[in-house]
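Sequence lines, in order, name chains A and B. With the first letter of the first sequence counted as 1, position 85 gets the number 1332 in my numbering; the numbers rise by one all the way through. With the first letter of the second sequence counted as 1, position 30 gets the number 1277 in my numbering; the numbers rise by one all the way through. Report on the following structure.
Number of protein chains: 2
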Amino acid sequence: MKTKHIRKGEIIQQRGEINSKVFHVDKGLLRSYSIDEKGREHIFMFAAEACCIADGQKPEKPAELFIDAIEDSIVTIYEKEPEPEFKGNAYIQMIYGLQRRVIMLMSSSAIERYESFLETYPDIAQRVPQRMIASYLGITPESLSKIKRKYRNS
Amino acid sequence: MKTKHIRKGEIIQQRGEINSKVFHVDKGLLRSYSIDEKGREHIFMFAAEACCIADGQKPEKPAELFIDAIEDSIVTIYEKEPEPEFKGNAYIQMIYGLQRRVIMLMSSSAIERYESFLETYPDIAQRVPQRMIASYLGITPESLSKIKRKYRNS
DNA sequence: AGAATTTCTTATCCTAGGTTAATGCGCAGG
DNA sequence: CCTGCGCATTAACCTAGGATAAGAAATTCT
């Protein structure tokens, strides 16, 4: 736990780095973001005074997000604490799932989201009607049908 | 904490109800979803065996999500526990913010997301360049410019 | 200050996905 | 067993927002 000055534009966490830190913004403005395979940035969140910012991924896994300063800032750096579990569903696990979902919704096409869904939840995909998959993906059932047809003819 | 059988299609939590419960799925499949002002459903998450499902909103606030059963299910119902705070940033607060963001991304147009952003983060909107607002909203800077122009001429 | 780089805006054109409507299918209920 | 309804699919058409390009304005660097 230490305090640090960060200049505008300075990157304090890169994708792939060890990801055991939480940054508390004492002053200034930070952002976390991902960069997709086409090189586009997608801002996940902003954090101003009195907010914390971190990658939602587990501490022992590599970071998926970049974090940098939008203004000259002062941050206090903490280690992520072991988190309370509840019936096997940890908060961090939940947060990480949502982080991935937000990034997905911002950066991927319907087809990519569909593929990702099938990979991540092969079991649920079998048990749920099409219209609910569409609803989860944020598209209409008609669009999902189009997508699946393209799939078959390829 | 009690166990309950739920039949397919049965709604176990409605929007507006008291929201102090977490549902652990012992067997079956549940979903949480919102209904927007146009009456469209947007599934927020699925929960199968050994998962928990709940509205991320604070226990003392009314629920924003509906929860119902996709299959006949057995759930154990818990009360939400007081959650650990960390430097003023509680996990639940984080989860709730992400829940809103996901729903937003699934159900709202770029204009609506922009308006919502301005309302929710008026401060940050002033301090951040346009392209970053666009990036946060999941649109291109060019599209944000279009939106802002329409705004001015109305 | 002046040059160089980035940001913002505008215009044109294009495409992914939405809307509407019609058809066929499977399943629940009488 | 039939009827009816919700679900999935297809097709035709439409629109919000993306891509590209170019000029203006702001910022940064030297």
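Don't be surprised by glycine CBs; every beta carbon is placed ideally from N, CA and C.
Check: Anticipated Cβ contact below 8 Å, Gln-1260/B with Asp-1319/B, distance rounded; Outcome: Contact doesn't hold; Cβ gap of about 17 Å is too wide.
Check: C-beta neighbour in chain A for Glu-1366/B, strict 8 Å; Outcome: no
Check: Rounded straight-line distance, which links the Cα of Arg-1278/A to that of Glu-1189/A; Outcome: In this structure chain A extends from 1248 to 1401, so residue 1189/A is not present and cannot be described.
Check: Val-1269/B, DSSP secondary structure in three states; Outcome: strand
Check: Whole-angstrom distance between Tyr-1325/B and Lys-1268/B, CA atom to CA atom; Outcome: 6 Å
Check: Span of the alpha helix (DSSP H), counted from its first residue to its last, around Ala-1337/A; Outcome: Per DSSP, Ala-1337/A belongs to no alpha helix (DSSP H) and is neither H nor E.
Check: Closer than 8 Å to chain B by CB, Phe-1313/A; Outcome: no
Check: Within-8 Å CB hit, Arg-1360/B to chain A; Outcome: no
Check: Reduced DSSP category for Glu-1326/B - H, G, I as helix; E, B as strand; rest coil; Outcome: strand
Check: Which residues DSSP lists as bridging Glu-1288/A, in chain order; Outcome: Ile-1282/A
Check: Lys-1255/A: first and last residue of the uninterrupted alpha helix (DSSP H) it sits in; Outcome: First-last for Lys-1255/A: undefined, no H or E at that position.
Check: Contacts of Glu-1289/B in chain A (Cβ-Cβ under 9 Å); Outcome: A quick correction: the sequence has His, not Glu, at residue 1289/B. Under the 9 Å cutoff, chain A gives Ser-1382, Tyr-1383 and Gly-1385.
Check: Chain B contact for Asp-1302/A (CB, 8 Å cutoff); Outcome: no
Check: 8 Å Cβ cutoff, Ala-1316/A in contact with chain B; Outcome: no
Check: Boundaries of the beta strand (DSSP E) in which Asp-1315/A is found, first to last residue; Outcome: 1313 to 1316
Check: Lys-1255/A beta carbon near the ligand NAP (any heavy atom closer than 7 Å); Outcome: This structure lacks the ligand NAP; in fact it carries no ligand of any kind.
Check: Of the residues Cys-1299/B, Lys-1255/B and Lys-1395/B, the one placed nearest Leu-1365/B, counting alpha carbons only; Outcome: Lys-1395/B
Check: Neighbourhood of Lys-1255/B by C-beta distance below 6 Å, restricted to the same chain and skipping five residues each side; Outcome: Ala-1316, Glu-1318 and Asp-1319
Check: Near-chain B residues of the region 1258 to 1284 of chain A (beta-carbon distance less than 8 Å), N- to C-terminal order; Outcome: Val-1269, His-1271, Leu-1276, Arg-1278 and Tyr-1280
Check: Short CB-CB distance (under 8 Å) between Asp-1414/B and chain A; Outcome: Nothing about residue 1414/B can be read from this structure; chain B reaches only from 1248 to 1401.
Check: Under 9 Å from the C-beta of Ile-1342/A: neighbouring residues of chain B; Outcome: Tyr-1338, Met-1341, Ile-1342 and Leu-1345
Check: Given Arg-1399/B as reference, the closest of Glu-1296/B, Ile-1358/B and Ala-1294/B once Cα atoms are compared; Outcome: Ile-1358/B
Check: Straight-line gap, Ile-1386/A to Asp-1283/A (C-alpha atoms, nearest Å); Outcome: 21 Å
Check: Local Cβ density within 10 Å of Arg-1287/B, reported as buried at 16 or more and exposed below that; Outcome: exposed
Check: Start-to-end residues for the alpha helix (DSSP H) that takes in Asp-1319/B; Outcome: Counting along the chain, Asp-1319/B falls outside any alpha helix (DSSP H), and DSSP gives it neither H nor E.
Check: Minimum Cβ-Cβ distance from Leu-1352/A to chain B less than 8 Å; Outcome: yes
Check: Within-8 Å CB hit, Met-1379/B to chain A; Outcome: yes
Check: Segment limits, alpha helix (DSSP H) that includes Ile-1386/B; Outcome: Unbroken run through Ile-1386/B: none, as it is neither H nor E.
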